[in-house]
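S.K.:
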Amino acid sequence: ILNIEIVVKERNTGQIQLTAAYGSTQGFSLGGSVVQNNFRGMGQALEARVNASKNQQDYKLSLTDPYFNDTRWSAGFDMFYLDNRERINYDLKKIGGNVRFGHPIYGDYTRAYIRYKLDKTDLYANQYTDPIIFPLETARGITSSATLTLEYDTRNDRMFPSKGIYTDVSYERTGLGGDLRYQEFSSRFRFFVNPFWDVVWRNNLSYSNIQPLDADGTVPFSELFQMGGPYTLRGYGASSVGKRVYSSLRYNAIGTNDGNPFYNANLAANPADRLKASNLIVGGTKQALFQTELQFPMIKEAGLSGVFFYDVGQAYDEISASNLLSDVGIGFRWMSPLGLLRFEWGWPLQTDNYNSNGVNFEFSIGPPF
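For the working numbering, add 1 to where a residue sits in the sequence shown, where the first one is 1.
Pasting the structure below:
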């Protein structure tokens with residue numbers, strides 16, 4: 002007779018994470034999430050996430066079943082609410098949700114996903130809104146869309162990979178009812194290399210293109226692409242890179258001393274600066290981005306690493322080598338009890354007449370990509 006004693010120790014399935022970010026232009030933000038990876042004891046993942054700053058509140062609730070009905074299908078839903086006043090030219094509120102399904106299509110590394118999303122966008126004028134450039138009624142309303150995504154993933158760790166490839170291709174089509182009509186194609190390619198010791202070389206290449214569904218239609222301006230900040234061009238301020246449009250309303254207001262919020266005696270006295278301040282960032286229908294960085298250990302026992310990085314990209318209607326912006330930078334990262342803390346300083350290599358040539362500092366929690 003053989004007696005076997007098996008001791009089972011339950012793994013902690015709950016997780017609480019705090020997030021924070023600071024940028025030279027957008028200021029400080031705080032957030033947090035609570036994740037339960039064994040909700041109802043059935044292996045489902047339930048997540049509640051909150052992010053808040055002076056000018057933005059973002060809430061999200063998600064539930065994912067990785068083996069829906071004991072099959073290889075994954076299923077889930079998300080509900081979200083966004084109140085965003087960071088884009089200075091108008092205020093935005095968005096509420097909605099989506100349902101999603103996924104399934105492996107080849108081996109263990111390739112999956113396909115389909116998602117249906119329904120949301121409502123409200124836009125509000127503020128003291129900075131130019132109604133000619135930002136006709137709010139054209140971007141308000143219901144969006145009903147379906148998205149198909151193909152994904153290939155061989156990373157050795159989803160949060161902090163040191164080896165492997167991640168790539169995906171997505172196509173979103175709106176117009177399944179609703180008010181707003183556009184289509185968006187996007188793709189990402191990321192690869193990670195561990196050349197020696199604990200050094201990690203990370204690379205990220207992404208491209209997106211959003212276009213109207215109708216020949217005489219337009220893309221809602223609130224969906225156009227802008228760049229800058231800790232996750233795109235780190236040498237430029239958040240949402241400071243993208244297509245700009247001249248505002249005669251803003252130009253005239255800068256030089257009119259009648260109590261309006263735009264009057265500025267210094268700008269009014271300098272025609273070049275006045276013209277510069279009158280070109281408002283709208284964003285582009287296309288965006289392209291390449292990022293590469295080398296992370297190396299500094300004090301391994303303390304979880305402290307250094308990083309050198311280079312970013313290049315643009316958000317415009319037409320992107321070419323002549324209008325790309327790039328930056329270089331350094332930083333250090335600390336794997337703290339709160340997560341990966343990132344402190345990064347980026348220097349722009351080109352001036353676009355709207356960003357400072359000086360250093361741009363960004364602080365955030367979590368991996369860059």
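Note that CB positions come from ideal geometry on N, CA and C, so glycine has one too.
Taking only three categories from DSSP, how would you classify Tyr252?
M.R.: DSSP places Tyr252 in the helix class (H, G or I) of the three-state scheme.
S.K.: Can you tell me which of Ser30, Asp59, Ala22 and Ser34 puts its alpha carbon nearest to the alpha carbon of Gln16?
M.R.: Ser34
S.K.: Between Ala49 and the rest of its own chain, which residues show a CB-CB distance below 6 Å, the 5 nearest in sequence each way excluded?
M.R.: Val35 and Leu62
S.K.: Determine, using beta carbons only, whether Phe197 comes closer than 9 Å to chain D.
M.R.: In the structure shown, chain D cannot be found, because there is only a single protein chain.
S.K.: Exposed or buried, what is Glu345 when buried is set at 16 or more other beta-carbons lying within 10 Å of its beta-carbon?
M.R.: buried
S.K.: For the putative contact between Arg189 and Ser207, defined by C-beta atoms under 8 Å, what is the C-beta separation to the nearest angstrom?
M.R.: 5 Å
S.K.: Quick one: Cα of Gly238 to Cα of Leu119, how far?
M.R.: Straight through space, the alpha carbons of Leu119 and Gly238 are spaced by roughly 31 Å.
S.K.: Hey, out of Ala270, Pro231, Lys244 and Thr219, whose CA is closest to Gly347's CA?
M.R.: Pro231
S.K.: Assuming Ser365 contacts Arg334 under a Cβ cut-off of 8 Å, what Cβ separation, rounded to an integer in Å, is found between them?
M.R.: About 10 Å separates the two Cβ atoms, so there is no contact after all.
S.K.: Taking the alpha-carbon positions, what's the Ile211 to Ser187 distance?
M.R.: 8 Å
S.K.: Return yes when the Cβ of Gly284 is within less than 9 Å of the Cβ of Leu225, no when it is not.
M.R.: yes
S.K.: What three-state label does DSSP hand Leu342 in the structure shown?
M.R.: strand
S.K.: Please identify the residue among Leu31, Ala46 and Arg73 whose C-alpha is closest to the C-alpha of Asn56.
M.R.: Selected option, being the one with the closest Cα: Leu31.
S.K.: Write down every uninterrupted run of the beta strand (DSSP E) in the segment 276-321 whose length is 3 residues or greater and which is fully enclosed by it, in chain order.
M.R.: 280-282, 287-300 and 305-317
S.K.: I need the boundaries of the alpha helix (DSSP H) containing Ala147, first residue and last residue.
M.R.: Element bounds for Ala147: not the alpha helix (DSSP H) but the beta strand (DSSP E), Gly142 to Asp154.
S.K.: Would a C-beta distance cut-off of 9 Å place Arg101 and Gly77 closer than the cut-off?
M.R.: yes
S.K.: For Asp328 versus Gly260, is the C-beta spacing smaller than 9 Å?
M.R.: no
S.K.: Is Gly44 near Asp66, with beta carbons less than 9 Å apart?
M.R.: yes
S.K.: Do you know offhand how far Ala278's Cα is from Ser248's?
M.R.: 9 Å
S.K.: Tell me which residues share the same chain as Asp318 and place their Cβ nearer than 8 Å to its Cβ, disregarding the 5 neighbours each side in the sequence.
M.R.: Lys244, Gly285, Thr286 and Lys287
S.K.: Do Ala216 and Arg174 come within 9 Å of each other at the CB atom, strictly closer than that value?
M.R.: no
S.K.: By Cβ distance, which residues of its chain are closer than 8 Å to Gly332, with the 5 residues on each side in sequence left out?
M.R.: Gly307, Val308, Phe310, Arg343, Phe344, Glu345 and Trp346
S.K.: Mind checking which residues open and close the alpha helix (DSSP H) that includes Ala266?
M.R.: Taken as a continuous stretch (DSSP letters only), the alpha helix (DSSP H) holding Ala266 covers Ala266 to Ala270.
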